[in-house]
Amino acid sequence: MKQFRLLIIAVLLIASLVLGSCAQQPAATQAPEQPAATGAPQSEEPMTTNEVTLTIGFSSSNTGSMEVSSKRQVNGLTLWMDQVNGAGGVPLSDGTAVKFAAVTYDDESNKERVQELYTRLITEDNADFMISPYSSGLTAAASVIAEQYGKVMITAGAAEDDAYKTGNTSLFQLYTPGSLYLISTVDMLKQLDPQAKVAVVNENDKFSTSVMGGLKPYLSSEGFEIVLEEGYASDTTDFGPIINKIEASGATVLLGGGHYPDGSTFARQLYERQVGLKFISLLVAPADSKFPELGDAALGVATSSQWELKATHTEQEASGLGIEWFGPSGDDFAAAYEAAYGDSPTYHVAGGYAAGLVLQKAIIDADSVDPEKVKAALNAMNIFTFYGGIQFDTTPESHGLQISHKMVVAQWQKNAAGEFVREVIWPSDVATANPLYPIQTP
Amino acid sequence: MQQINLLLASLPDGILLGFVYGLAAMGLTLIWGVMNVINLSHGPIIALGMFGTYFLFIRAGINPYLGLFLIAALGLLLGILIYVVAVHRVINAPHLSSLLATFSVNMIIIGLGTAILTTSPYNVDFSLGSLKIGSTTLLGTRLVAALVAILYSAALYLFLYRTRPGKYIRAVANNRAAAELMGIPSSRILALSFGLGTMLAAVSGALIATFFPFNILSGGSYELKSFVISVLGGLGNPIGALFGGLILGTLEGIIPAFLETTWVPVIEFALFVLILLIRPSGLFGAEE
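So the protein sequences, as listed, match chains C and P.
Anchor point for the first sequence: position 99 equals 99 in the working numbering, and the numbering is continuous, going up by one each time.
Anchor point for the second sequence: position 168 equals 1168 in the working numbering, and the numbering is continuous, going up by one each time.
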């Protein structure tokens, strides 16, 4: 009996490790210094005598399931900060130059740690403004703390809608809300194949559930038949049984996924089993530049993207819409990022950068670093950046929800040299290639 | 009818995976059977086996199945090293000491692994094609993995029952004091047993890497499965572990045909508790 008690202790220890993705002890770190890059956002050399440094607090997932996308978001934010500081800071009319310093900790992709860390960032590190962690689940946890202390938090990598419908007044969302995530994809399918039979298979987490919650009624309203609805746990590695269900359902199109680890695994196993789907759209994973590491399994896999360099927004577009333009061009941003990190930017990078850009613009508009004035400037904001439109819902029902930003559909295709390239396939007015439909199977 | 088709499609997959789960659990249960130590570094060692395949195949271009020999040898040596450094001194101490010793090894491997390899997913882009029979798709990598698992199980059986060191291991497992009185070097045999256990964990990880992406934390879920399988098969019974693995794999094939896949771990762990309550010695273990 004693042995079995020991066994139970052992199982509980391991279970706690697995559930908590226990990895390494957290360490408070300053955001790494990156080389100064070109194309700094609009920030003139200040003619100042005063300088004030604001602390930007955020957690990042250096370990755990959100690592890949979270690190990219932090890279984007860090690039923005380096550029602004390198250009002398944000000038205010009283001659003050506002510079920024980051305080960040590893949240291990763990909600409980996020709440601990955001409390620490606010109460011990005295962060002036907050940036969200990456992912809707972690952001929901952080938003409770930010709201409790009345800190302005720009939510960079969090699309789920619900966090903005609980009476919050300090959250400001950059991503297109989750419920609208796959609308463009459905619009494209409507044109390509109105008879498509759709399987909706998603990770059981806040973000993916929110996306599917918006997708299903829209699919039905557009006359598509949903032949399979299935959820899976975030740590799923064997998609065999789910793929068998997809085949048995007679689906021709798969819309689903969740985040990078599950999405890349899902794509690989779909390819191995040669399911014969005409179109596959997965959330998040195919938007990452690591995705082609899957080899031919990446070919034809599409994703809804918050931003693509090939379809970056321009000053002319803003001018045509009569909306104020702010910040660098997409090309300047991408060149600066490539110079600093040696990689082309994904939408997670762009989101991180845009979070800083929005805060910068709000401080300029408020002409102050006073949180209440900055909050008022955010509420009044209606701008266009390389990342797209930025405007926040100001109604009490869904305060802070993003209402201006639009998404595109991107798909992995091969160029003439046989290299993988992510092409924009929808909307048609910004498309860089025709959709690969149906996907070519070997 | 659709359910039957789904069952036919999923069951072979589950059974093939079950052999690999069984191989992983064999390592855990061998160590427990010989020295009454629950090896909490089992999961990270499975993950190290996965990285072994990755580095040998992706970086050195060695076929993953040829690489298994090297991974097995390194797994054996690593196990002996862990035994000598962390386990030997606490082998006669209360069980909690050895549990904490192996837990520390677990944390060290995960900490170092996270620092060096990060927790980003790694992928071994290796395929042996697939075989489609009706609604059933059999993946080449899973078929070969199951075959390798059977070969390793047979080799372990022959080693334990037909060789002198194997008989020494069984003797030490049976009664260490009596074995020592008969001149068996129990410390070396314990080290060898621990090495064999970690070797099996590393090999199972190496096989899993040929069909699933992984990171340094991925071994945890297979370690949990190994506990369930060990209890199913009978603690300390390595061959029973193979059957336990098959049962678990079969369940993973059957359940999704009737329920959402999220129910699989719920049912697996309910079974774990049930077996502990009703038949604590496991389905293939001797009555206490």
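Just so you know, even glycine gets a beta-carbon here, dropped at the ideal spot from N, CA and C.
Nothing here was measured: the structure is a model prediction, and the numbers come from that model.
{"query": "Glu-1223(P) classed as buried or exposed, judged by whether at least 16 other C-beta atoms fall within 10 angstroms", "result": "buried"}
{"query": "Under 8 Å from the C-beta of Asn-1174(P): neighbouring residues of chain C", "result": "The contacting residues do not exist; Asn-1174(P) stays about 16 Å from chain C at best."}
{"query": "C-alpha distance - Trp-470(C) paired with Ser-1120(P), whole-angstrom precision", "result": "Chain C is shown only over 1 to 442; residue 470(C) falls outside these bounds and no answer can be derived."}
{"query": "Below-8 Å beta-carbon distance, Leu-1070(P) vs any chain C residue", "result": "no"}
{"query": "At least three beta-carbon pairs within less than 8 Å, the stretch 137-151 of chain C to the stretch 114-122 of chain C", "result": "yes"}
{"query": "Inter-residue spacing [alpha-carbon to alpha-carbon] between Pro-438(C) and Pro-1213(P)", "result": "26 Å"}
{"query": "Below-8 Å beta-carbon distance, Ala-1009(P) vs any chain C residue", "result": "yes"}
{"query": "Candidates Ser-69(C), Asn-434(C), Lys-373(C) and Asn-168(C): closest to Gln-411(C) by CA position", "result": "Asn-434(C)"}
{"query": "Buried/exposed call for Lys-375(C), threshold 16 Cβ in 10 Å", "result": "buried"}
{"query": "Under 8 Å between C-beta atoms of Arg-268(C) and Leu-294(C)", "result": "yes"}
{"query": "Rounded separation between Ala-431(C) and Ala-311(C) - CA only", "result": "7 Å"}
{"query": "Proximal residues of chain P, C-beta to C-beta of Tyr-232(C) below 7 Å", "result": "Thr-1261 and Thr-1262"}
{"query": "Simplified DSSP assignment, three categories, for Lys-392(C)", "result": "The sequence as given places Phe at residue 392(C); Lys does not occur at that position. Residue state, collapsed to three classes: strand."}
{"query": "Buried or exposed (CB count within 10 angstroms, at least 16 for buried), Glu-423(C)", "result": "buried"}
{"query": "Against chain C: residues of the stretch 1205-1218 of chain P by CB proximity under 9 Å", "result": "Ile-1208, Phe-1211, Phe-1212, Pro-1213, Phe-1214, Asn-1215, Ile-1216, Leu-1217 and Ser-1218"}
{"query": "Minimum length 4: unbroken alpha helix (DSSP H) runs contained in the stretch 1123-1162 of chain P", "result": "1140-1162"}
{"query": "Beta-bridge pairing of Lys-165(C) - partner residues as DSSP gives them", "result": "Answer is none; Lys-165(C) lacks a bridge partner."}
{"query": "Alpha-carbon spacing of Thr-166(C) relative to Thr-1053(P), whole angstroms", "result": "48 Å"}
{"query": "CB of Ala-1206(P) within 8 Å of CB of Gly-1067(P), strictly", "result": "yes"}
{"query": "Beta-carbon gap between Thr-1198(P) and Ile-1045(P) smaller than 8 Å", "result": "yes"}
{"query": "Residue burial classification, Tyr-382(C) (beta-carbon count within 10 angstroms, cutoff 16)", "result": "Sequence inspection shows Asn at residue 382(C); the Tyr mentioned does not correspond to that position. That one is exposed."}
{"query": "Buried/exposed call for Leu-299(C), threshold 16 Cβ in 10 Å", "result": "buried"}
{"query": "Boundaries of the alpha helix (DSSP H) in which Gly-1166(P) is found, first to last residue", "result": "1164-1174"}
{"query": "Sufficient close CB pairs (3 or more, under 8 Å) joining the stretch 1002-1016 of chain P to the stretch 328-336 of chain C", "result": "no"}
{"query": "Residue nearest to Leu-1077(P) in terms of C-alpha spacing, selected from Pro-1280(P), Leu-1248(P), Gly-1195(P) and Glu-1268(P)", "result": "Gly-1195(P)"}
{"query": "Three-state secondary structure assigned by DSSP to Ser-1230(P)", "result": "helix"}
{"query": "Nearest-angstrom Cα separation, counted from Ser-210(C) out to Leu-1283(P)", "result": "43 Å"}
{"query": "Test item: CB-CB of Gly-1233(P) and Ala-1241(P) under 8 Å", "result": "yes"}
{"query": "Among Val-52(C), Gly-64(C) and Leu-219(C), the one whose alpha carbon lies nearest that of Pro-492(C)", "result": "The first residue shown for chain C is 1 and the last is 442, placing residue 492(C) beyond what the model contains."}
{"query": "CB contact below 8 Å: Pro-958(P) versus chain C", "result": "With chain P covering 1001 to 1288 only, the question about residue 958(P) has no answer from this structure."}
{"query": "Spatial distance of Ser-1281(P) from Gly-1079(P) (CA atoms)", "result": "26 Å"}
{"query": "beta-carbon Ala-302(C) near the ligand GDP non-hydrogen atom, thresh 7 Å", "result": "The ligand content of the structure shown is nil, which means the ligand GDP is not present either."}
{"query": "Paired residues, beta bridge with Asn-325(C) - DSSP", "result": "In the sequence on display, residue 325(C) carries Trp and not Asn. According to DSSP, which records beta bridges pairwise, Trp-325(C) is partnered with Phe-384(C)."}
{"query": "Residues that DSSP places opposite Asp-106(C) in a beta bridge", "result": "Ser-60(C)"}
{"query": "Close-in-space but distant-in-sequence residues of the same chain around Val-275(C) (CB under 7 Å, 5 per side omitted)", "result": "Ile-243, Ile-246 and Glu-247"}
{"query": "Chain P within 8 Å of Glu-293(C), Cβ atoms only", "result": "yes"}
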